[in-house]
Amino acid sequence: MCSRESAFSCLREMGLDAMEYQAVRAVPRRLDRLAAIARRAAANDIRMSLHGPYAINLASREENKIEASVERLIAAARAADALGAGHVTFHPGYYSGRPPEEALRMAMSALSRAVREARDDGIRAEFGPETTGKPSQLGSLDEVLRMAEEVDGVWPTIDFAHIHAREGRSISGRSDYARILDLIEDRLGTLDGLVIHFTEVEVTSSGVGERRHHELGTGYGPPFDPLAEEMASRGVRWLVISESPNLEADALKMREAYERARRR
Ligand SMILES: [Zn+2]
1293 MCSRESAFSC LREMGLDAME YQAVRAVPRR LDRLAAIARR AAANDIRMSL HGPYAINLAS
1353 REENKIEASV ERLIAAARAA DALGAGHVTF HPGYYSGRPP EEALRMAMSA LSRAVREARD
1413 DGIRAEFGPE TTGKPSQLGS LDEVLRMAEE VDGVWPTIDF AHIHAREGRS ISGRSDYARI
1473 LDLIEDRLGT LDGLVIHFTE VEVTSSGVGE RRHHELGTGY GPPFDPLAEE MASRGVRWLV
1533 ISESPNLEAD ALKMREAYER ARRR
């Protein structure tokens, strides 16, 4: 494990070149501290992204909760700018008993408000709704692609473990990754710069939805190697973030698998 103090030089020595800053409980208000982190990251050539607060629900039944979510999202994007992170990952929210299409439309309307206000404030970070792991959460692959298609400034975060879990263990090999990546490319026009989250994941006993994350190689799936092969065959840039309980070690395994696939 890299320590907090020497995080970036430690990552660099391991051969890693990206980190996601976890602002999941609250967004730091001290932008000067984030700027200091940004300088250390840049000095070690580490690319940053930021994970926004879990307490975001753009489809809440309570109007004031939607407003608070929009504010949190803008604060996260402002923090991302200070951190030198171009991308803010966030979970869009919950269906809250609404039909999925209605929840999606509400979320897209709140999201476009957040992007507009952020841009008015000179904030540049892109907004990255994440594919989510539980069927109660807004965030199927189709829904995050709709958000990216219909709201300017939105570029999704593709969490394969979450897709696998919410689709009832849908990913077993390379053709499954090809299907997902083809769909993203068809709908968004490119895969270049795609932000990917990856871990193996245990699915609940009902067969649908994530229970908990597991280390690579534990056999829960989805498997990483076929994804590495599919990515290597496509010749674009990716930002891959490890979400495994063994964060850096598994990030390194993923990088090695990708480099192996590229040499083939
Ligand atoms: Zn997430």
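Heads up: the sequence shown at position 190 corresponds to 1482 in the working numbering, and the numbers run straight through without jumps.
Think of the CB as a built atom: it goes at the ideal place given N, C-alpha and C, for glycine as much as any other residue.
With a 10 Å radius around its C-beta and 16 neighbouring C-beta atoms as the bar for buried, classify residue i as buried or exposed.
| i | result |
| --- | --- |
| V1443 | buried |
| A1347 | exposed |
| G1481 | exposed |
| M1293 | exposed |
| E1422 | buried |
| G1389 | exposed |
| S1536 | buried |
| Q1429 | buried |
| S1498 | exposed |
| G1511 | exposed |
| E1435 | buried |
| D1542 | buried |
| E1394 | exposed |
What span of residues does the beta strand (DSSP E) with residue i cover, start to end?
| i | result |
| --- | --- |
| P1421 | E1418 to P1421 |
| D1412 | No beta strand (DSSP E) contains D1412, which is instead part of the alpha helix (DSSP H) from P1392 to D1412. |
If you draw a straight line from the alpha carbon of residue i to that of residue j, how long is it in whole angstroms?
| i | j | result |
| --- | --- | --- |
| A1327 | I1463 | 39 Å |
| S1361 | N1336 | 33 Å |
| R1555 | A1549 | 10 Å |
| H1370 | V1380 | At residue 1370 the sequence reads Arg, which differs from the His that was named. For R1370 and V1380, the distance between alpha carbons rounds to 10 Å. |
| L1519 | Y1469 | 6 Å |
| A1306 | V1532 | Reading off the sequence, residue 1306 comes out as Met, not Ala. The alpha-carbon atoms of M1306 and V1532 are separated by roughly 15 Å. |
| L1475 | K1426 | 21 Å |
| E1355 | G1445 | 23 Å |
| F1516 | S1534 | 11 Å |
| A1351 | R1552 | 42 Å |
| S1401 | K1357 | 14 Å |
| A1333 | F1300 | 6 Å |
| A1524 | G1414 | 36 Å |
| M1311 | H1456 | 23 Å |
| R1331 | R1408 | 28 Å |
| H1343 | R1364 | 12 Å |
| L1508 | P1345 | 26 Å |
| P1392 | R1325 | 39 Å |
| V1528 | S1404 | 28 Å |
| G1485 | W1530 | 5 Å |
| H1506 | F1490 | 10 Å |
| E1297 | E1359 | 36 Å |
| I1488 | S1341 | 11 Å |
| R1503 | F1452 | 14 Å |
| W1447 | G1420 | 5 Å |
| N1349 | F1382 | 10 Å |
| A1410 | L1323 | 16 Å |
Per the DSSP calculation, residue i is bridged to which residue(s)?
| i | result |
| --- | --- |
| L1342 | Y1313 and V1380 |
| F1490 | S1534 |
| Y1512 | Y1512 pairs with nothing; no bridge assigned. |
| L1437 | In the DSSP output, where bridge partners are listed per residue, L1437 has none listed. |
| T1449 | E1422 and V1487 |
| L1430 | G1385 |
| V1495 | E1502 |
Between residue i and residue j, how many whole angstroms is the CB-CB distance? I'm expecting something under 8 Å.
| i | j | result |
| --- | --- | --- |
| G1501 | R1458 | 6 Å |
| A1406 | I1366 | 6 Å |
| L1308 | R1547 | 7 Å |
| I1338 | L1375 | Going by Cβ atoms, the distance from I1338 to L1375 rounds to 11 Å, so no, they are not a contact pair. |
| E1540 | P1514 | The Cβ separation is near 20 Å, so there is no contact. |
| L1473 | R1438 | Not quite, the Cβ-Cβ distance comes to about 17 Å (not below 8 Å), so this is no contact. |
| A1440 | D1373 | The pair is not a contact, with the Cβ atoms about 20 Å apart (cut-off 8 Å). |
Between which two residues does the alpha helix (DSSP H) harbouring residue i extend?
| i | result |
| --- | --- |
| R1370 | E1355 to L1375 |
| E1548 | L1539 to R1555 |
| R1325 | L1323 to A1335 |
| I1455 | F1452 to R1458 |
| H1304 | The sequence as given places Arg at residue 1304; His does not occur at that position. Residues A1299 to M1306. |
| R1557 | Within the shown structure, residues of the chain are numbered from 1293 to 1556, placing residue 1557 beyond reach of any answer. |
| E1502 | It is not in any alpha helix (DSSP H) - E1502 instead sits in the beta strand (DSSP E) that spans E1502 to H1506. |
| M1293 | Here M1293 belongs to no alpha helix (DSSP H), and DSSP marks it neither H nor E. |
| D1517 | D1517 to A1524 |
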